[in-house]
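In the working numbering, the protein residues as written are 28 to 554.
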(Lines of atoms letter the chains of each structure in order from A; the text may use other names.)
(Lines give C-alpha, C1' and ligand atoms only; values in the text may rest on other atoms or scores of the structure.)
Protein backbone atom coordinates (compact mmCIF):
# COMPACT_ATOMS: atom_id res chain seq x y z
CA UNK A 28 0.00 0.00 0.00
CA UNK A 29 1.39 3.41 -0.98
CA UNK A 30 0.26 6.56 0.74
CA UNK A 31 1.71 9.59 -1.04
CA UNK A 32 2.40 12.75 0.90
CA UNK A 33 4.27 14.41 -1.98
CA UNK A 34 4.88 13.60 -5.64
CA UNK A 35 8.21 11.85 -6.09
CA UNK A 36 10.90 13.68 -8.11
CA UNK A 37 11.62 12.33 -11.58
CA UNK A 38 15.39 12.48 -11.09
CA UNK A 39 16.17 12.23 -7.36
CA UNK A 40 19.69 12.94 -6.19
CA UNK A 41 19.30 10.92 -2.97
CA UNK A 42 16.78 8.33 -1.78
CA UNK A 43 16.61 6.92 1.73
CA UNK A 44 14.23 4.96 3.95
CA UNK A 45 13.33 5.64 7.56
CA UNK A 46 12.42 2.68 9.78
CA UNK A 47 11.32 3.59 13.29
CA UNK A 48 9.39 2.46 16.37
CA UNK A 49 9.26 -1.28 15.74
CA UNK A 50 9.41 -2.34 19.42
CA UNK A 51 10.90 -5.76 18.68
CA UNK A 52 10.81 -8.20 21.60
CA UNK A 53 13.07 -11.15 22.34
CA UNK A 54 10.91 -13.40 20.16
CA UNK A 55 11.20 -13.99 16.43
CA UNK A 56 7.68 -15.41 15.96
CA UNK A 57 5.67 -12.20 16.34
CA UNK A 58 3.99 -9.80 13.88
CA UNK A 59 6.74 -7.27 14.67
CA UNK A 60 9.42 -9.75 13.65
CA UNK A 61 7.53 -10.43 10.41
CA UNK A 62 7.21 -6.69 9.77
CA UNK A 63 10.96 -6.20 10.22
CA UNK A 64 11.79 -8.93 7.70
CA UNK A 65 9.43 -7.29 5.21
CA UNK A 66 10.98 -3.85 5.82
CA UNK A 67 14.49 -5.13 5.14
CA UNK A 68 13.38 -6.92 1.96
CA UNK A 69 11.44 -3.85 0.77
CA UNK A 70 14.44 -1.58 1.36
CA UNK A 71 16.62 -3.90 -0.72
CA UNK A 72 13.98 -4.07 -3.46
CA UNK A 73 13.82 -0.28 -3.68
CA UNK A 74 17.64 -0.09 -3.80
CA UNK A 75 17.82 3.18 -1.87
CA UNK A 76 21.03 4.96 -0.96
CA UNK A 77 20.59 4.72 2.81
CA UNK A 78 18.38 3.18 5.52
CA UNK A 79 17.97 5.15 8.76
CA UNK A 80 16.69 3.47 11.93
CA UNK A 81 15.46 6.26 14.22
CA UNK A 82 14.99 4.50 17.54
CA UNK A 83 12.72 2.21 19.53
CA UNK A 84 13.72 -0.75 17.42
CA UNK A 85 13.44 -2.84 20.60
CA UNK A 86 10.57 -2.87 23.05
CA UNK A 87 12.65 -2.65 26.22
CA UNK A 88 16.33 -2.68 25.30
CA UNK A 89 17.22 -6.32 25.91
CA UNK A 90 20.33 -7.99 24.55
CA UNK A 91 18.30 -10.58 22.62
CA UNK A 92 16.03 -8.06 20.88
CA UNK A 93 18.97 -5.81 20.00
CA UNK A 94 20.83 -8.78 18.55
CA UNK A 95 17.81 -9.78 16.47
CA UNK A 96 17.55 -6.24 15.12
CA UNK A 97 21.22 -6.14 14.14
CA UNK A 98 20.99 -9.55 12.49
CA UNK A 99 18.08 -8.34 10.35
CA UNK A 100 19.82 -5.05 9.50
CA UNK A 101 22.94 -6.92 8.37
CA UNK A 102 20.93 -8.22 5.38
CA UNK A 103 20.62 -4.69 3.93
CA UNK A 104 22.45 -4.11 0.65
CA UNK A 105 23.16 -0.46 1.33
CA UNK A 106 24.64 1.67 4.14
CA UNK A 107 22.48 2.04 7.23
CA UNK A 108 22.59 4.10 10.39
CA UNK A 109 20.95 3.84 13.80
CA UNK A 110 20.13 6.26 16.58
CA UNK A 111 18.52 4.99 19.81
CA UNK A 112 15.11 5.72 21.25
CA UNK A 113 13.80 5.75 24.78
CA UNK A 114 12.80 2.06 24.56
CA UNK A 115 16.45 1.10 24.12
CA UNK A 116 17.08 2.52 27.61
CA UNK A 117 14.46 0.49 29.47
CA UNK A 118 17.05 -2.15 30.38
CA UNK A 119 20.83 -2.20 30.11
CA UNK A 120 21.23 -5.20 27.81
CA UNK A 121 20.94 -3.42 24.46
CA UNK A 122 23.53 -0.66 24.99
CA UNK A 123 26.70 -2.74 24.49
CA UNK A 124 25.14 -4.64 21.60
CA UNK A 125 24.07 -1.46 19.81
CA UNK A 126 27.13 0.62 20.70
CA UNK A 127 28.93 0.13 17.38
CA UNK A 128 25.80 0.83 15.33
CA UNK A 129 25.03 3.97 17.34
CA UNK A 130 28.59 5.27 17.11
CA UNK A 131 28.16 6.41 13.50
CA UNK A 132 26.79 9.87 14.11
CA UNK A 133 27.04 11.39 10.62
CA UNK A 134 27.68 10.55 6.99
CA UNK A 135 27.40 12.16 3.57
CA UNK A 136 25.36 10.46 0.87
CA UNK A 137 25.15 12.01 -2.61
CA UNK A 138 26.12 15.37 -1.17
CA UNK A 139 23.52 15.32 1.62
CA UNK A 140 24.89 15.53 5.16
CA UNK A 141 22.99 13.23 7.56
CA UNK A 142 23.30 13.95 11.29
CA UNK A 143 22.14 11.63 14.09
CA UNK A 144 21.94 13.41 17.46
CA UNK A 145 20.92 11.19 20.38
CA UNK A 146 17.58 12.25 21.88
CA UNK A 147 16.78 8.90 23.51
CA UNK A 148 16.52 10.49 26.97
CA UNK A 149 14.02 13.10 25.75
CA UNK A 150 16.64 15.82 25.81
CA UNK A 151 19.65 16.99 23.82
CA UNK A 152 22.75 17.01 25.99
CA UNK A 153 25.59 19.52 26.00
CA UNK A 154 27.93 17.18 24.11
CA UNK A 155 25.42 16.69 21.30
CA UNK A 156 24.84 20.43 21.11
CA UNK A 157 28.58 21.13 20.69
CA UNK A 158 28.85 18.33 18.17
CA UNK A 159 25.95 19.68 16.07
CA UNK A 160 27.51 23.15 16.02
CA UNK A 161 30.76 21.69 14.67
CA UNK A 162 29.23 19.21 12.22
CA UNK A 163 27.01 21.67 10.37
CA UNK A 164 30.05 23.72 9.47
CA UNK A 165 30.95 21.12 6.84
CA UNK A 166 28.56 22.68 4.29
CA UNK A 167 25.98 21.05 2.05
CA UNK A 168 22.31 20.36 2.82
CA UNK A 169 21.77 18.93 6.30
CA UNK A 170 19.25 16.30 7.44
CA UNK A 171 18.70 15.45 11.12
CA UNK A 172 17.70 11.89 11.98
CA UNK A 173 16.71 11.35 15.61
CA UNK A 174 14.05 9.74 17.78
CA UNK A 175 12.19 12.58 19.51
CA UNK A 176 10.23 15.25 17.64
CA UNK A 177 11.07 18.79 18.65
CA UNK A 178 7.85 19.38 20.62
CA UNK A 179 8.36 16.27 22.78
CA UNK A 180 11.86 17.23 23.94
CA UNK A 181 12.22 18.80 27.37
CA UNK A 182 11.65 22.57 27.38
CA UNK A 183 15.32 23.56 27.45
CA UNK A 184 16.29 21.20 24.63
CA UNK A 185 13.28 22.26 22.59
CA UNK A 186 14.23 25.93 22.83
CA UNK A 187 17.85 25.17 21.93
CA UNK A 188 16.89 23.04 18.92
CA UNK A 189 14.46 25.64 17.60
CA UNK A 190 17.11 28.36 17.85
CA UNK A 191 19.72 26.08 16.28
CA UNK A 192 17.46 25.17 13.36
CA UNK A 193 16.77 28.85 12.70
CA UNK A 194 20.51 29.54 12.52
CA UNK A 195 21.66 26.59 10.36
CA UNK A 196 20.86 25.29 6.87
CA UNK A 197 18.81 22.21 7.79
CA UNK A 198 16.31 20.96 5.22
CA UNK A 199 14.73 18.10 7.14
CA UNK A 200 14.23 16.96 10.73
CA UNK A 201 13.02 13.34 10.72
CA UNK A 202 11.82 11.61 13.89
CA UNK A 203 9.46 8.97 15.24
CA UNK A 204 8.27 8.28 18.81
CA UNK A 205 4.66 9.46 18.45
CA UNK A 206 3.38 6.51 16.34
CA UNK A 207 1.43 8.77 13.97
CA UNK A 208 2.36 10.75 10.86
CA UNK A 209 2.75 14.52 10.93
CA UNK A 210 4.52 17.18 8.92
CA UNK A 211 5.09 20.78 9.94
CA UNK A 212 7.62 23.61 9.82
CA UNK A 213 9.88 24.28 12.81
CA UNK A 214 12.04 27.41 12.64
CA UNK A 215 12.09 27.23 8.85
CA UNK A 216 12.94 23.52 8.78
CA UNK A 217 10.58 20.78 7.60
CA UNK A 218 9.91 18.36 10.47
CA UNK A 219 8.39 14.96 9.68
CA UNK A 220 7.35 12.20 12.08
CA UNK A 221 5.89 8.87 10.96
CA UNK A 222 3.71 6.02 12.26
CA UNK A 223 6.57 3.59 12.57
CA UNK A 224 6.63 -0.15 11.97
CA UNK A 225 5.03 -1.50 15.16
CA UNK A 226 1.97 -3.55 14.12
CA UNK A 227 0.34 -2.95 17.53
CA UNK A 228 0.92 0.81 17.90
CA UNK A 229 0.95 2.53 14.49
CA UNK A 230 -1.86 5.10 14.58
CA UNK A 231 -3.72 6.77 11.72
CA UNK A 232 -2.46 4.46 9.00
CA UNK A 233 -0.82 1.10 8.50
CA UNK A 234 2.53 0.37 10.14
CA UNK A 235 5.33 0.64 7.65
CA UNK A 236 8.42 2.44 6.44
CA UNK A 237 8.93 5.86 4.86
CA UNK A 238 10.68 6.62 1.58
CA UNK A 239 12.18 10.10 1.25
CA UNK A 240 13.70 11.52 -1.92
CA UNK A 241 15.48 14.80 -2.60
CA UNK A 242 15.54 16.36 -6.03
CA UNK A 243 18.52 18.19 -7.45
CA UNK A 244 16.61 21.40 -6.75
CA UNK A 245 16.47 20.60 -3.04
CA UNK A 246 12.81 19.58 -2.84
CA UNK A 247 11.92 16.66 -0.56
CA UNK A 248 9.14 14.19 -1.28
CA UNK A 249 7.74 11.64 1.16
CA UNK A 250 5.92 8.34 0.69
CA UNK A 251 4.60 6.09 3.44
CA UNK A 252 4.86 2.45 2.42
CA UNK A 253 2.41 0.40 4.46
CA UNK A 254 3.28 -3.07 5.66
CA UNK A 255 0.98 -5.44 3.73
CA UNK A 256 -0.09 -7.37 6.80
CA UNK A 257 -2.16 -10.44 6.09
CA UNK A 258 -5.96 -10.32 6.10
CA UNK A 259 -7.03 -13.93 5.42
CA UNK A 260 -9.59 -13.95 8.24
CA UNK A 261 -11.95 -16.79 7.35
CA UNK A 262 -12.89 -19.49 8.02
CA UNK A 263 -13.15 -19.23 11.79
CA UNK A 264 -13.82 -21.98 14.34
CA UNK A 265 -17.52 -21.13 14.27
CA UNK A 266 -19.84 -21.95 11.34
CA UNK A 267 -20.77 -18.28 11.08
CA UNK A 268 -19.21 -14.85 11.46
CA UNK A 269 -17.10 -15.02 14.66
CA UNK A 270 -17.84 -11.39 15.64
CA UNK A 271 -20.32 -10.66 18.42
CA UNK A 272 -20.34 -8.78 21.70
CA UNK A 273 -20.07 -9.00 25.46
CA UNK A 274 -22.48 -6.74 27.36
CA UNK A 275 -22.18 -6.03 31.07
CA UNK A 276 -25.82 -5.31 31.85
CA UNK A 277 -29.24 -6.94 31.68
CA UNK A 278 -28.82 -10.42 30.12
CA UNK A 279 -32.38 -10.41 28.76
CA UNK A 280 -31.81 -7.12 26.96
CA UNK A 281 -28.47 -8.45 25.67
CA UNK A 282 -30.25 -11.35 23.96
CA UNK A 283 -32.90 -9.03 22.53
CA UNK A 284 -30.29 -6.62 21.22
CA UNK A 285 -28.41 -9.53 19.67
CA UNK A 286 -31.59 -10.60 17.86
CA UNK A 287 -32.19 -7.06 16.58
CA UNK A 288 -28.67 -6.82 15.17
CA UNK A 289 -28.64 -10.32 13.65
CA UNK A 290 -25.49 -11.47 15.48
CA UNK A 291 -24.49 -15.08 16.11
CA UNK A 292 -22.03 -14.51 19.00
CA UNK A 293 -22.88 -13.06 22.40
CA UNK A 294 -21.71 -13.08 25.99
CA UNK A 295 -24.01 -12.49 28.94
CA UNK A 296 -22.63 -10.72 31.99
CA UNK A 297 -25.30 -9.80 34.55
CA UNK A 298 -24.81 -6.42 36.16
CA UNK A 299 -27.72 -6.84 38.57
CA UNK A 300 -27.94 -10.31 40.20
CA UNK A 301 -31.75 -10.05 40.24
CA UNK A 302 -32.23 -11.15 36.63
CA UNK A 303 -35.00 -13.49 35.45
CA UNK A 304 -33.35 -16.63 34.11
CA UNK A 305 -36.64 -18.07 32.77
CA UNK A 306 -37.16 -14.99 30.58
CA UNK A 307 -33.56 -15.24 29.29
CA UNK A 308 -34.08 -18.91 28.35
CA UNK A 309 -37.28 -18.01 26.50
CA UNK A 310 -35.58 -15.23 24.52
CA UNK A 311 -32.58 -17.44 23.75
CA UNK A 312 -34.92 -20.07 22.35
CA UNK A 313 -36.33 -17.50 19.93
CA UNK A 314 -32.80 -16.39 18.98
CA UNK A 315 -31.71 -19.95 18.28
CA UNK A 316 -34.80 -20.54 16.17
CA UNK A 317 -33.55 -17.74 13.90
CA UNK A 318 -29.85 -18.62 13.59
CA UNK A 319 -26.97 -20.66 15.05
CA UNK A 320 -25.56 -19.08 18.20
CA UNK A 321 -22.32 -19.19 20.18
CA UNK A 322 -23.12 -18.25 23.78
CA UNK A 323 -20.71 -17.39 26.56
CA UNK A 324 -21.53 -16.44 30.15
CA UNK A 325 -19.10 -14.14 31.99
CA UNK A 326 -18.96 -15.12 35.66
CA UNK A 327 -18.27 -12.89 38.70
CA UNK A 328 -14.78 -12.60 40.18
CA UNK A 329 -13.34 -14.96 42.76
CA UNK A 330 -11.30 -12.72 45.11
CA UNK A 331 -8.95 -13.84 47.87
CA UNK A 332 -9.74 -12.55 51.37
CA UNK A 333 -6.32 -11.99 52.90
CA UNK A 334 -7.60 -11.62 56.44
CA UNK A 335 -9.39 -15.00 56.46
CA UNK A 336 -7.30 -16.88 53.90
CA UNK A 337 -10.44 -17.86 51.97
CA UNK A 338 -11.96 -17.35 48.53
CA UNK A 339 -15.03 -15.13 48.35
CA UNK A 340 -17.89 -15.13 45.88
CA UNK A 341 -18.17 -18.89 45.27
CA UNK A 342 -21.93 -19.04 45.89
CA UNK A 343 -22.62 -16.28 43.35
CA UNK A 344 -20.43 -18.00 40.77
CA UNK A 345 -22.07 -21.38 41.40
CA UNK A 346 -25.54 -19.86 40.97
CA UNK A 347 -24.59 -18.28 37.63
CA UNK A 348 -22.97 -21.50 36.42
CA UNK A 349 -26.27 -23.27 37.04
CA UNK A 350 -28.14 -20.54 35.17
CA UNK A 351 -25.64 -20.55 32.32
CA UNK A 352 -25.99 -24.29 31.85
CA UNK A 353 -29.76 -23.91 31.86
CA UNK A 354 -29.32 -21.38 29.07
CA UNK A 355 -27.22 -23.84 27.05
CA UNK A 356 -23.94 -21.94 27.11
CA UNK A 357 -20.97 -23.00 25.00
CA UNK A 358 -18.46 -21.45 27.38
CA UNK A 359 -17.98 -19.82 30.75
CA UNK A 360 -15.61 -16.88 30.97
CA UNK A 361 -13.95 -16.41 34.34
CA UNK A 362 -11.19 -14.03 35.35
CA UNK A 363 -7.99 -15.41 36.81
CA UNK A 364 -8.02 -15.47 40.62
CA UNK A 365 -8.23 -11.96 42.00
CA UNK A 366 -5.16 -11.88 44.21
CA UNK A 367 -1.78 -10.18 44.28
CA UNK A 368 0.89 -12.11 42.40
CA UNK A 369 2.96 -12.50 45.57
CA UNK A 370 -0.03 -14.17 47.23
CA UNK A 371 0.24 -17.15 44.87
CA UNK A 372 3.96 -17.75 45.30
CA UNK A 373 6.41 -18.21 48.14
CA UNK A 374 9.76 -16.43 48.16
CA UNK A 375 11.40 -19.47 46.55
CA UNK A 376 8.85 -19.43 43.66
CA UNK A 377 6.97 -22.46 44.95
CA UNK A 378 3.20 -22.19 45.05
CA UNK A 379 1.61 -20.67 48.14
CA UNK A 380 -1.45 -22.08 49.91
CA UNK A 381 -3.74 -19.80 47.88
CA UNK A 382 -2.69 -21.59 44.68
CA UNK A 383 -4.05 -24.94 45.87
CA UNK A 384 -7.13 -23.28 47.36
CA UNK A 385 -8.05 -21.76 44.03
CA UNK A 386 -7.45 -25.04 42.19
CA UNK A 387 -9.81 -26.80 44.59
CA UNK A 388 -12.34 -24.01 44.05
CA UNK A 389 -12.13 -24.24 40.24
CA UNK A 390 -12.46 -28.03 40.37
CA UNK A 391 -15.54 -27.80 42.55
CA UNK A 392 -17.17 -25.14 40.40
CA UNK A 393 -16.33 -26.26 36.87
CA UNK A 394 -15.82 -30.03 36.72
CA UNK A 395 -19.46 -30.89 36.08
CA UNK A 396 -19.87 -28.22 33.40
CA UNK A 397 -16.65 -29.32 31.73
CA UNK A 398 -17.84 -32.92 31.69
CA UNK A 399 -21.01 -31.72 29.99
CA UNK A 400 -18.93 -30.19 27.17
CA UNK A 401 -18.83 -26.55 28.27
CA UNK A 402 -15.54 -24.70 27.68
CA UNK A 403 -13.86 -22.92 30.61
CA UNK A 404 -12.29 -19.77 29.19
CA UNK A 405 -9.95 -18.03 31.66
CA UNK A 406 -9.60 -14.29 31.10
CA UNK A 407 -6.51 -12.19 31.76
CA UNK A 408 -6.83 -9.03 33.85
CA UNK A 409 -4.67 -5.89 33.91
CA UNK A 410 -2.71 -3.68 36.26
CA UNK A 411 -3.29 0.04 36.70
CA UNK A 412 -1.09 2.44 34.68
CA UNK A 413 2.40 2.70 36.12
CA UNK A 414 2.19 -0.48 38.21
CA UNK A 415 5.69 -2.01 38.56
CA UNK A 416 6.37 -5.49 37.21
CA UNK A 417 7.44 -7.10 40.51
CA UNK A 418 5.12 -9.62 42.14
CA UNK A 419 4.64 -7.56 45.27
CA UNK A 420 3.11 -4.71 43.23
CA UNK A 421 0.98 -6.32 40.55
CA UNK A 422 -1.97 -8.66 40.19
CA UNK A 423 -1.60 -12.40 39.66
CA UNK A 424 -1.35 -13.71 36.07
CA UNK A 425 -0.82 -10.28 34.52
CA UNK A 426 2.55 -11.72 33.47
CA UNK A 427 2.25 -14.08 30.51
CA UNK A 428 4.17 -16.96 32.10
CA UNK A 429 1.98 -16.90 35.22
CA UNK A 430 -1.16 -16.75 33.09
CA UNK A 431 -0.10 -19.80 31.10
CA UNK A 432 0.97 -21.64 34.24
CA UNK A 433 -2.47 -21.10 35.77
CA UNK A 434 -4.29 -22.28 32.64
CA UNK A 435 -2.10 -25.40 32.55
CA UNK A 436 -2.70 -26.06 36.23
CA UNK A 437 -6.48 -25.81 35.84
CA UNK A 438 -6.38 -27.99 32.73
CA UNK A 439 -4.43 -30.67 34.59
CA UNK A 440 -6.57 -30.49 37.75
CA UNK A 441 -9.81 -30.82 35.75
CA UNK A 442 -8.41 -33.52 33.48
CA UNK A 443 -9.52 -31.42 30.53
CA UNK A 444 -8.99 -32.36 26.92
CA UNK A 445 -7.61 -30.15 24.15
CA UNK A 446 -9.49 -26.86 23.94
CA UNK A 447 -11.75 -27.51 26.94
CA UNK A 448 -9.84 -25.06 29.16
CA UNK A 449 -8.11 -22.10 27.58
CA UNK A 450 -7.34 -18.42 27.50
CA UNK A 451 -10.04 -15.83 27.03
CA UNK A 452 -7.68 -13.14 25.80
CA UNK A 453 -8.62 -9.55 26.52
CA UNK A 454 -6.40 -7.60 24.12
CA UNK A 455 -6.99 -4.25 25.85
CA UNK A 456 -5.91 -5.71 29.19
CA UNK A 457 -2.73 -7.04 27.60
CA UNK A 458 -1.88 -3.57 26.30
CA UNK A 459 -3.03 -1.50 29.31
CA UNK A 460 -1.13 -3.45 31.96
CA UNK A 461 1.14 -1.16 33.95
CA UNK A 462 4.86 -1.48 33.20
CA UNK A 463 4.16 -4.91 31.73
CA UNK A 464 2.22 -3.23 28.92
CA UNK A 465 5.57 -2.25 27.38
CA UNK A 466 7.76 -5.15 28.42
CA UNK A 467 5.17 -7.67 27.19
CA UNK A 468 4.07 -6.33 23.80
CA UNK A 469 0.88 -7.72 22.30
CA UNK A 470 2.90 -9.72 19.79
CA UNK A 471 4.40 -11.71 22.65
CA UNK A 472 0.92 -12.50 23.97
CA UNK A 473 -0.08 -13.68 20.51
CA UNK A 474 2.98 -15.89 20.16
CA UNK A 475 2.85 -17.40 23.64
CA UNK A 476 -0.86 -17.95 24.25
CA UNK A 477 -2.23 -18.01 20.70
CA UNK A 478 -2.71 -21.78 20.53
CA UNK A 479 -4.53 -21.79 23.89
CA UNK A 480 -7.07 -19.06 23.11
CA UNK A 481 -10.75 -20.03 23.37
CA UNK A 482 -12.25 -16.53 23.06
CA UNK A 483 -11.38 -12.83 22.80
CA UNK A 484 -12.49 -9.57 24.33
CA UNK A 485 -11.98 -6.77 21.82
CA UNK A 486 -11.93 -3.08 22.74
CA UNK A 487 -9.81 0.04 22.66
CA UNK A 488 -7.88 1.81 25.41
CA UNK A 489 -7.76 5.61 25.46
CA UNK A 490 -7.66 8.56 27.87
CA UNK A 491 -11.09 9.53 29.12
CA UNK A 492 -12.34 12.79 27.63
CA UNK A 493 -13.14 14.33 31.02
CA UNK A 494 -10.64 12.84 33.46
CA UNK A 495 -7.68 12.04 31.18
CA UNK A 496 -7.42 8.66 32.91
CA UNK A 497 -6.57 5.75 30.65
CA UNK A 498 -9.77 3.75 30.26
CA UNK A 499 -10.63 0.33 28.84
CA UNK A 500 -13.71 -0.82 26.93
CA UNK A 501 -13.78 2.06 24.44
CA UNK A 502 -14.79 1.87 20.80
CA UNK A 503 -12.35 1.06 18.02
CA UNK A 504 -12.48 3.81 15.40
CA UNK A 505 -10.35 2.02 12.80
CA UNK A 506 -7.94 -0.87 12.46
CA UNK A 507 -5.10 1.65 12.91
CA UNK A 508 -6.41 3.29 16.06
CA UNK A 509 -4.73 4.61 19.19
CA UNK A 510 -3.72 3.03 21.63
CA UNK A 511 -3.99 -0.39 20.00
CA UNK A 512 -3.49 -0.87 16.29
CA UNK A 513 -5.18 -4.10 15.27
CA UNK A 514 -2.85 -4.70 12.31
CA UNK A 515 -0.79 -7.08 14.44
CA UNK A 516 -3.89 -8.95 15.57
CA UNK A 517 -5.24 -9.36 12.02
CA UNK A 518 -1.84 -10.55 10.80
CA UNK A 519 -1.46 -13.03 13.67
CA UNK A 520 -5.01 -14.32 13.12
CA UNK A 521 -4.39 -14.66 9.38
CA UNK A 522 -1.11 -16.54 9.91
CA UNK A 523 -2.88 -18.77 12.47
CA UNK A 524 -0.57 -17.67 15.24
CA UNK A 525 -3.91 -17.29 17.04
CA UNK A 526 -6.81 -19.69 17.39
CA UNK A 527 -9.76 -18.42 15.37
CA UNK A 528 -12.08 -18.36 18.37
CA UNK A 529 -15.19 -16.16 18.87
CA UNK A 530 -14.59 -12.40 19.09
CA UNK A 531 -16.63 -10.55 21.71
CA UNK A 532 -16.67 -6.75 21.30
CA UNK A 533 -16.49 -5.57 24.91
CA UNK A 534 -17.34 -1.87 24.66
CA UNK A 535 -19.42 -0.34 27.43
CA UNK A 536 -21.28 2.45 25.60
CA UNK A 537 -24.07 1.01 23.42
CA UNK A 538 -23.49 3.24 20.37
CA UNK A 539 -19.72 2.76 20.56
CA UNK A 540 -20.24 -0.99 20.86
CA UNK A 541 -22.50 -1.12 17.83
CA UNK A 542 -20.07 0.91 15.69
CA UNK A 543 -17.14 -1.29 16.69
CA UNK A 544 -19.10 -4.47 16.03
CA UNK A 545 -20.00 -3.24 12.53
CA UNK A 546 -16.34 -2.43 11.87
CA UNK A 547 -15.23 -5.96 12.74
CA UNK A 548 -18.16 -7.56 10.93
CA UNK A 549 -17.14 -5.69 7.79
CA UNK A 550 -13.51 -6.75 8.22
CA UNK A 551 -14.44 -10.41 8.44
CA UNK A 552 -17.20 -10.29 5.83
CA UNK A 553 -14.81 -8.79 3.29
CA UNK A 554 -12.24 -11.55 3.71
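Backbone N, C-alpha and C define an ideal beta-carbon position, used for all residues, glycine too. As the structure is a prediction and not an experimental result, all values here were calculated from the model.
Query, Result
"If I measure Cβ to Cβ from residue 501 and keep anything under 7 Å in the same chain, skipping five residues before and after, which residues do I get?", "486, 487, 488, 489, 534 and 539"
"Could you tell me how far apart the beta carbons of residue 432 and residue 423 are, in whole angstroms, since I believe they sit closer than 8 Å?", "With a Cβ gap of about 10 Å, residue 432 and residue 423 do not count as contacting."
"Is there contact between the segment 368–381 and the segment 282–300, where contact requires at least three CB pairs shorter than 8 Å?", "no"
"Is residue 183 helix, strand or coil when you go by DSSP?", "helix"
"May I ask you to verify whether the segment 472–487 touches the segment 519–534, counting CB pairs closer than 8 Å and requiring at least 3?", "yes"
"Return the Cβ separation of residue 234 and residue 512 in integer angstroms, given the expectation that the two are a contact with Cβ distance under 8 Å.", "7 Å"
"Please report the Cβ distance between residue 231 and residue 208, rounded to the nearest whole angstrom; I am assuming they are in contact, meaning their Cβ atoms lie under 8 Å.", "6 Å"
"Less than 7 Å separating the beta-carbons of residue 460 and residue 410?", "yes"
"What would DSSP say about residue 399, mapped onto helix, strand or coil?", "coil"
"Just curious, the beta strand (DSSP E) that residue 473 is in, first and last residue?", "No beta strand (DSSP E) contains residue 473, which is instead part of the alpha helix (DSSP H) from 469–476."
"Helix, strand or coil: which one does DSSP assign to residue 250?", "strand"
"Quick check: the Cα distance between residue 86 and residue 472, rounded to an integer number of angstroms?", "14 Å"
"Ignoring anything shorter than 4 residues, give me the alpha helix (DSSP H) runs that lie fully in the segment 155–220, in order along the chain.", "182–194"
"For a test of the three-state rule: what should DSSP assign to residue 284, helix, strand or coil?", "helix"
"Have a look at residue 355 and residue 275 and give me their C-alpha separation to the nearest angstrom.", "19 Å"
"From the DSSP output, in three-state form, read off residue 390 for me.", "helix"
"If we count Cβ pairs, one from each stretch, closer than 8 Å, do we get three or more for the segment 334–343 versus the segment 384–403?", "yes"
"What residues in its chain sit with their C-beta under 6 Å from that of residue 550, if we drop five residues either side in the sequence?", "none"
"So what's residue 404 in DSSP terms, helix, strand or just coil?", "strand"
"May I ask you to list the residues that DSSP assigns as paired with residue 265?", "In DSSP, residue 265 forms no bridge with anything."
"How would you write the range of the beta strand (DSSP E) that residue 480 sits in, first residue to last?", "480–485"
"State the Cα-Cα distance for the pair residue 115 and residue 134, rounded to the nearest angstrom.", "23 Å"
"The ligand SAM and residue 83: does any heavy atom of the ligand fall closer than 6 Å to the residue's C-beta?", "Summarising the ligand content, the structure contains no ligands, and the ligand SAM is consequently not present."
"Going by the CB atoms, is the gap between residue 357 and residue 314 shorter than 7 Å?", "no"
"Going along the chain, which unbroken runs of the beta strand (DSSP E) with 3 or more residues stay wholly within the segment 484–554?", "487–490, 497–501 and 530–532"
"Assign residue 104 to one of two classes, buried (16 or more other C-beta atoms within 10 Å of its C-beta) or exposed (fewer than that).", "exposed"
"Is it true that the CB of residue 344 sits closer than 7 Å to the CB of residue 327?", "yes"
"In whole angstroms, give me the CA-to-CA distance for residue 101 and residue 49.", "17 Å"
"What's the C-alpha gap between residue 334 and residue 468?", "35 Å"
"Can you tell me whether DSSP reads residue 125 as helix, strand or coil?", "helix"
"By Cβ distance, which residues of its chain are closer than 7 Å to residue 382, with the 5 residues on each side in sequence left out?", "371"
"Can you tell which of 455, 369, 252 and 201 has the C-alpha that lies nearest to the C-alpha of residue 417?", "369"
"Does the separation of the CB atoms of residue 139 and residue 106 fall below 7 Å?", "no"
"Looking only at DSSP bridge pairs, what is residue 330 linked to?", "365"
"What whole-angstrom Cβ distance do residue 175 and residue 204 have, given they're in contact under 8 Å?", "5 Å"
"Suppose contacts are defined by Cβ-Cβ distances below 7 Å. Is residue 88 in contact with residue 110 by that definition?", "no"
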